[in-house]
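When the letters of the sequence shown are read in order and numbered with our numbering, they come out as residues 148 to 374.
From the three backbone atoms N, C-alpha and C, an ideal C-beta is built for every residue, glycine too.
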Amino acid sequence: MSATGTVLRRLVPQGLALPGAGYPVVESLPAVFAGRQANRGFESLAITPDGRTLYAALQSPLAQPDAKTGKTSRAVRVLAVDTATARPTAEYVYPLEDVTGFDPGAEGDQSEIKISALAWYGPDQLLVDERTDDVTKLYLVRLSGATNILDSELDDPAHRPSLEQAGPGGVVALAKSLLVDVTAAVPDAPTKIEGIAVRDPSTVALANDNDFGMRNGPDAFDAAGHQ
């Protein structure tokens with residue numbers, strides 16, 4: 148998208164034609180990405196300092212081969228895309244936490260865990276916002292050492308078992324480590340943290356999603372500036 152809000156091109160999974168879109172459509176993403184869960188597509192983007200590589204994470208596992216699998220899987224796909232060619236250069240697996248220990252209030256519903264933001268943290272590292280509605284934790288992941296599954300059989304929508312069914316298996320997932328448990332460290336932090344930005348190695352800015360539910364007028368915030 149341009150600085151004036153014009154769509155310059157849209158990247159879609161192979162085989163997904165959008166006739167009459169009114170802007171360039173590039174079928175550059177693996178075909179399997181057409182199996183995203185409803186409203187659980189790419190919600191997280193991060194770009195390298197040189198602007199050459201864009202990282203995009205799905206919000207949730209693919210519904211591959213069915214919706215039940217998507218809601219119970221813990222394997223989320225992350226793409227690296229060359230910004231000059233609009234073509235993926237790598238695809239990795241991010242392992243979601245087990246919701247039982249992550250957020251007991253979710254009552255075991257694994258689909259409540261999502262990835263809602265990425266940020267470039269430094270050479271070979273991404274910062275990941277993994278959350279439920281009530282609990283947010285930030286994890287550092289290292290790109291090196293993880294298996295690049297791009298163009299493998301796991302990108303074939305017909306392959307069984309799918310990545311989402313079998314889990315990483317022989318695939319080396321992205322190595323992750325907890326940077327900060329936001330909910331524990333900031334007890335009065337808003338819920339649904341869906342935006343992060345790295346200011347410097349010791350400072351991270353966070354933003355919540357109002358989800359169309361923010362109050363308006365003089366009662367929108369309390370004396371401390373909290374919603």
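- Cβ contact annotation for F180 (same chain, cutoff 6 Å, sequence separation greater than five): P160, in chain order.
- If you keep only unbroken alpha helix (DSSP H) runs of at least 4 residues inside the stretch 174-227, you get 214-219.
- Nearest to R183 by C-alpha distance, out of L321, T279, K218, W267, is K218.
- About 5 Å separates the beta carbon of R157 from that of V172, a gap short enough to meet the 8 Å contact definition.
- The beta carbon of D303 sits closer than 8 Å to those of A178, V179, all from its chain and outside the five residues before and after it, given in chain order.
- Counting C-beta atoms within 10 angstroms of its own C-beta, P235 has 16 or more neighbours from the protein chains shown and is therefore classed as buried.
- When C-alpha distances from T153 are compared across P166, Y170, A164, the shortest belongs to Y170.
- As the crow flies, the alpha-carbon of A352 is around 13 Å from that of V333.
- The three-state reading of DSSP puts D303 in coil, since its state is none of H, G, I, E or B.
- Of the residues assessed, T350 falls on the exposed side of the cut-off, its CB having fewer than 16 other CB atoms within 10 angstroms.
- Remark: fewer than three beta-carbon pairs, one from each stretch, lie closer than 8 Å, so the stretch 291-307 and the stretch 252-260 are not flagged as touching.
- In this structure, the beta-carbon distance from A168 to F189 does not fall below 8 Å.
- Around A164, the same chain offers V172, E174 as residues with beta carbons nearer than 8 Å, after the five sequence neighbours per side are excluded.
- In this structure, DSSP gives Q312 a helical state, which the three-state scheme calls helix.
- Following the DSSP letters along the chain, one finds T330 inside the alpha helix (DSSP H) bounded by residues 329-332.
- Taking all protein chains shown into account, A150 has fewer than 16 neighbouring C-beta atoms within 10 Å of its C-beta and is therefore exposed.
- Taking 3 residues as the minimum length, the beta strand (DSSP E) runs contained wholly in the stretch 253-286 are 261-269, 272-278, in order along the chain.
- With a cut-off of 8 Å on Cβ pairs, the stretch 250-257 is in contact with the stretch 273-288, counting three or more such pairs.
- Taking the CA atoms as reference points, T195 sits about 23 Å from L243.
- For T236, the uninterrupted beta strand (DSSP E) segment begins and ends at 234-242.
- Taking C-beta atoms as the reference points, A210 and G314 fail to come closer than 8 Å.
- The shortest C-alpha to C-alpha distance from L287 to any of P337, Q272, A344, P308 is the one to Q272.
- V246 carries a helical assignment under DSSP once its states are collapsed to helix, strand and coil.
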